[in-house]
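Reading through the structure tokens given below for one structure.
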Amino acid sequence: MTATSGVAGSSPLPKWQLALVVGAPVALGLGYMYYKNKNNSGSDRTSKSERDKFRSGATSSKENGAPADKQISIDGDCPPKVPSPAAEPETPLQKAQKHKNEGNVQFKMGKYDEAILRYNKAIDICPNENKEDLATFYQNRAAAYEQLFLCIIIVNLQKKYSAVKADCTKALELNPRYAKALLRRARALEKIGDLEAALEDVTAACIHEGFSNQTSLAMADNVLGKLGKQHAQENLANKKLIMPSKHFIKTYIISFPNDPVFTRLQHPEDIPKFFKKPLQALKDEEYDDIIPLCTEVIKSSEFNMLPSSKMEVLLLRATFHLLLGEHDAAIQDFETILNSEETSQDVKVNALIKRATLHMQLDNPNMTFKDFELAINMNPNYGDIYHHRGQVNLLMNRIDEAKSDYEKAIHYNPNFGVAYVQKCYTDYRFAIFNRDVELVEEAMKDFEKAFTKFPDRSDCYMLYAQIMAETQQNDKADTYFAKAIEKDPENAIVYVHRGLLQLQWNGNIDKAVDYFHKALETDEKCEQAYESLGSIEVQRGNMEEAIRLFDKAVELSRTSMELAHLYGLRDAAKTQLNLRNRLGIGAMQVRLDGKLGLLYTLLVLQVLIVMIYVATTPPAELTASTTRASVSFVKFESSQELQVNQGNHKKPPIYQTINREIVLKDVKTFRLFEVYNHTVCWKFGVDEHKMRSNEHLERCICNQGWHGWDCGQPEVVWRAIMASKQNISLKRRKTARHIIQTFFLSEYNSGIAEVIVEELYNVVDLFVICDFNNAEDNFRHKLSKGLLQREQRKILYINVATKSRKPTRTVSKYVWDRIKSVVQNLRDDDIYVMTEPEQILNSRALMFLKVYDGWAQPIGFRLRWSVYGFFWQHPLKTTITLGAYTVGLMRNAYQSNSLVLRQQLDGDTSERDILGLVIGDLNHYGGWYCNLCQAPANIIIGLRNKVRSKEIHIEKTIDVPFVEDLIGSGLWLDGKTSLLRASKSRDSYFAPETILNNTWKYDWLVENFYAKLDYY
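Residue numbering for the sequence shown follows UniProt numbering, beginning at 1 and increasing consecutively.
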């Protein structure tokens, strides 16, 4: 997952400050007090050998070795330090820092005017030689001004933000690399409309931060988008319009097989005399002459006396006004046609189709679809309507509607090759959208039929090549791009796509550039070739040349959307050029390098296939094995569902010893499925409304995020199966497997244990909690005081404090033997899970493993790697852990000891090929690893233990300020590596549902209470 924390569209007040403004500090602090009270003695990490230098976690159950009266506490109950006999007087800098700290307190209370007074004093007292401190004071005062102005009404924005801008400027004079001051000044400049200066400031901040602050990057994108739109509007007001290339226009003409004007060229003997000159220019491809020749006819004195076919002259002129980009003139001609009683039905329908596409260019989709409906009402059998509406629907990602439109277009024009090919492509997109492998295979077979039915259609080969590129079959894609060029050597856009393929395939920039230049040799008006070359020059650091190329593309663009996009690229290059000169550094390199940089270029350069006006940049929804994977599903045999009787159960006592018998409850899987017209669907994955509203459906319609014949595969599992390149045959079980999950706790790592049990309570049959802590306040004590009261019926608590000095492998074997001795109905196909106490597995994935047979084992889980809380993500983003395997596999292959397999995975990552399936990828996670998500005092204990055992090395003193600074600043344990800021509103896998649904309780895991003031 990309961890993005954008600021666009969010409140200018941070969340903690909003709570103060509305008078709800008690509500915000409720979870924090809960967090402190429940973590007085515990945090959460288990003993485990480390895979890399970033992993941290203590394994010892001992205290840090210091006497009890010297233990660190975040509750303020530490013995006070004995003051030195003769305290030295405060220096001016210390006094200034004191005033600054007092200002920070006032700021947090929302008393911005009081904060400004304190910052004033800090600035007045601070010695001039302490430039960085003085810069911080100015920046903090600017922050106070900024927040103060949000609370009062000032009409003049320039005046309103002048103080913010001035203080930030002063801070930057003292510390030119002060990123926070750059960002705050950028916000002020954005407010007053100076977008170019704002873009320079936010880009400079990104450079100083090493492009690692996601908030800064989001702000840069936002400002860049606004500036692009502004420049696009300015350009359109004075733009010199250029007629598109001849190939573009010929392709456009082909897309209207029933056009009443274009089809006249097929019967020259029937052309009226007054129409001969315009149509001769059309035939000779003298496209610049068509509008003047049509105007000559229209303004002639005898025009009103001509037959009704004269309206075709207006239609031809309107068409070329549209192609040229003269939108107002085109609309005027279309309205004249539609309002005339002399206009034939075919001409009106054609005019409505073209006006609909014009509305789409003007970003008015409502008017677009109204015109299409008007055209259908006039002639529902006119195939061109559905063809062009299908293009618009596909462009808007309305896949179902596009598929339906293309089916109608082919029905009414069965020999129309363009529509047939686009239908094949739309069917493929529909299959991808619905994650249906069988439909993907059908769509590919239809493409193969198209090669036979329309062997000379270059777009057939081009779209097929595009699909091959999407699925990483690059050599095949290149072959089909070459065939497309062979069929239509004048089509410049194919050269552009083939050049983009070289970047994706092998990073061959020189070969890509050759194809882009070949495109311009073929068609000097190929806007996409200029754009592609410009982006390559940005990658190379040649900003002046990039700007020149973008300017050429701007000259050829015709719509505001195209212009805004191109100006965004141009403005970014211009800003980098200005900053290179301003900051005095050499050729700046973009933040993405190597293959990632080339992939970024590819994504930026994906263009519209001109012939169909449809963006062909696909979502990366299938891996390279998409069309080759074969996943079969066996239908459930039962056709009826029995009602489940949910009776009241008396809560049994906690399984606190290993001397009592435990019988795991069997669950029949039919309870988890619904039957619709003899079609069995997974209850939680099927779209119930659609299924009940259509009695004739023969397959399940899945909700978003669910896949498979019966909608039983959650997104993360479906992707894992597709990526595994295995021929997996899944079959529903009649009786669900049992799942037993084990994790170990110590006195400082139990903070996440409660979340694990609550999140997985409906999936796991027995939680085995092994506690190394033998103190009075251990986890057993918390359970007896009411913690997890509802969930205790599924908890087996085992205290293993006496085993703490034993080898981990011995302890693991001991626990498993105890489980077998008390669980009476354990089966070989039941699932055993052993995780660390900071790892929360994906509940949907575990439920899938319970219900289906056929998956390969052992199962690994790729977890989202959070640090200190879910608000920070580690730069490596994910970590893979061994997650699940059957009891039979553990006994037969790993001597009934789960640690044997886990130890094979520790160390060299090449050993991970022993995993049968890895659930989770870089964007869809198999769970969460909340590393060091504890109270600072507990983190300190764990880190000191690890330093003492030489598992990690930390140079600085490990104390409360050190840990709180790491959490507040978003730094890893080395104090240098920046963590990635996560966003609850934008990250679909931000945290488990238990956290998101109980933020009042777990706000310490969601909100960063130690965030520094000058971050905001």
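Positions of the beta carbon are idealized from the N, C-alpha and C atoms, including for glycine.
Since the structure is predicted, the reported quantities are computational estimates derived from the model, not experimental observations.
Alpha-carbon spacing of residue i relative to residue j, whole angstroms
i: K273; j: G383; result: 30 Å
i: A330; j: H321; result: 5 Å
i: residue 1018; j: Y797; result: Not covered by the structure: residue 1018. The range shown for the chain is 1 to 1016.
i: K283; j: M311; result: 19 Å
i: P653; j: V663; result: Residue confidence is low: P653 scores 42 on pLDDT, short of 50, so the model does not pin down where it sits. Its coordinate-derived value is still stated next. Taking the straight line from one Cα to the other gives about 14 Å.
i: A753; j: Q873; result: 20 Å
i: L973; j: C930; result: 15 Å
i: N213; j: K239; result: 38 Å
i: H247; j: L314; result: 23 Å
i: D478; j: I410; result: 29 Å
i: I242; j: V1006; result: 54 Å
i: I958; j: Y1010; result: 17 Å
i: G927; j: I880; result: 10 Å
i: V963; j: E401; result: 54 Å
i: N923; j: F990; result: 11 Å
i: C206; j: I954; result: 28 Å
i: T522; j: S340; result: 42 Å
i: M543; j: C526; result: 21 Å
Neighbourhood of residue i by C-beta distance below 7 Å, restricted to the same chain and skipping five residues each side
i: D666; result: T735
i: T626; result: With a pLDDT of 28 at T626, under the threshold of 50, the predicted position of this residue should be treated as unreliable, though the coordinate-derived value follows. Contacts found: V440, T471, M722.
i: A624; result: Residue placement at A624 is flagged as unreliable, the pLDDT there being 26, under the threshold of 50; the coordinate-derived value follows with that caveat. Closer than 7 Å at the Cβ level, and outside the excluded window around A624, lie T471, Q472, Q473.
i: L787; result: E754
i: A450; result: Y420, V421, C424, C460
i: I467; result: Y428
i: E209; result: A179, S216
Assigned exposure category for residue i - 16 Cβ within 10 Å defines buried
i: S866; result: buried
i: V349; result: buried
i: I840; result: buried
i: G975; result: exposed
i: G691; result: Note that residue 691 corresponds to Met in the displayed sequence, not to Gly. It is buried - the Cβ of M691 has at least 16 other Cβ atoms within 10 Å.
i: I914; result: exposed
i: T575; result: buried
i: R582; result: exposed
i: K299; result: exposed
i: A237; result: exposed
i: residue 1042; result: In the structure as shown, the chain begins at 1 and stops at 1016. Residue 1042 is therefore absent and cannot be evaluated.
i: D593; result: Residue placement at D593 is poorly supported in this model, since its pLDDT is 36, which falls under 50; the coordinates still yield a value, given next. D593 is exposed by the Cβ-count criterion.
i: N938; result: buried
Cutoff 8 Å; reference residue i; Cβ partners in own chain excluding five residues on either side
i: L849; result: R737, I739, I831, W855, I859, A884
i: H387; result: S255, D405, Y406, A409, N413, F416, V418, A419, Q422
i: K131; result: L174, N175
Given residue i as reference, the closest of the options once Cα atoms are compared
i: A220; options: I940, L227, L199; result: L199
i: L195; options: V755, A572, K946; result: A572
i: residue 1021; options: S557, G390, Q857, V686; result: In this structure the chain extends from 1 to 1016, so residue 1021 is not present and cannot be described.
i: F550; options: F262, N542, L134, G534; result: G534
i: E698; options: L730, Q361, W709; result: W709
i: E342; options: D328, L306, E951, F369; result: L306
i: F871; options: L979, K725, T91; result: L979
i: A144; options: V757, V716, L265, E114; result: E114
Sequence-distant residues of its chain with Cβ nearer than 6 Å to residue i (five each side left out)
i: N508; result: Q502
i: Y287; result: M243, I249
i: A142; result: V164, D167, C168, R184
i: A546; result: G534, E537, V538, A573
i: E695; result: N677
i: K476; result: M468
CB contact check: residue i to chain E, cutoff 8 Å
i: A720; result: No chain E is part of this structure, which consists of one protein chain only.
beta-carbon residue i near the ligand NAP non-hydrogen atom, thresh 7 Å
i: V223; result: Absent from the structure shown: the ligand NAP. Ligands present: none.
* Asked: Taking one C-beta from the region 230-237 and one from the region 553-562 each time, how about it: are there three or more such pairs within less than 8 Å?
  -> Contact holds between the region 230-237 and the region 553-562, because three or more Cβ pairs, one in each stretch, are under 8 Å apart.
* Can at least three beta-carbon pairs, one atom from the region 750-768 and one from the region 792-811, be found at a separation below 8 Å? -> Using a Cβ-Cβ distance cut-off of 8 Å, the region 750-768 and the region 792-811 are in contact, since at least three pairs of beta carbons, one from each stretch, lie closer than that value.
* Asked: Is the number of C-beta pairs between the region 679-688 and the region 395-413 that are closer than 8 Å three or more?
  -> Remark: fewer than three beta-carbon pairs, one from each stretch, lie closer than 8 Å, so the region 679-688 and the region 395-413 are not flagged as touching.
* **Inter-stretch contact at 8 Å, needing at least 3 Cβ pairs: the region 517-524 / the region 483-501** => Touching, yes, given that three or more Cβ pairs across the two stretches are closer than 8 Å.
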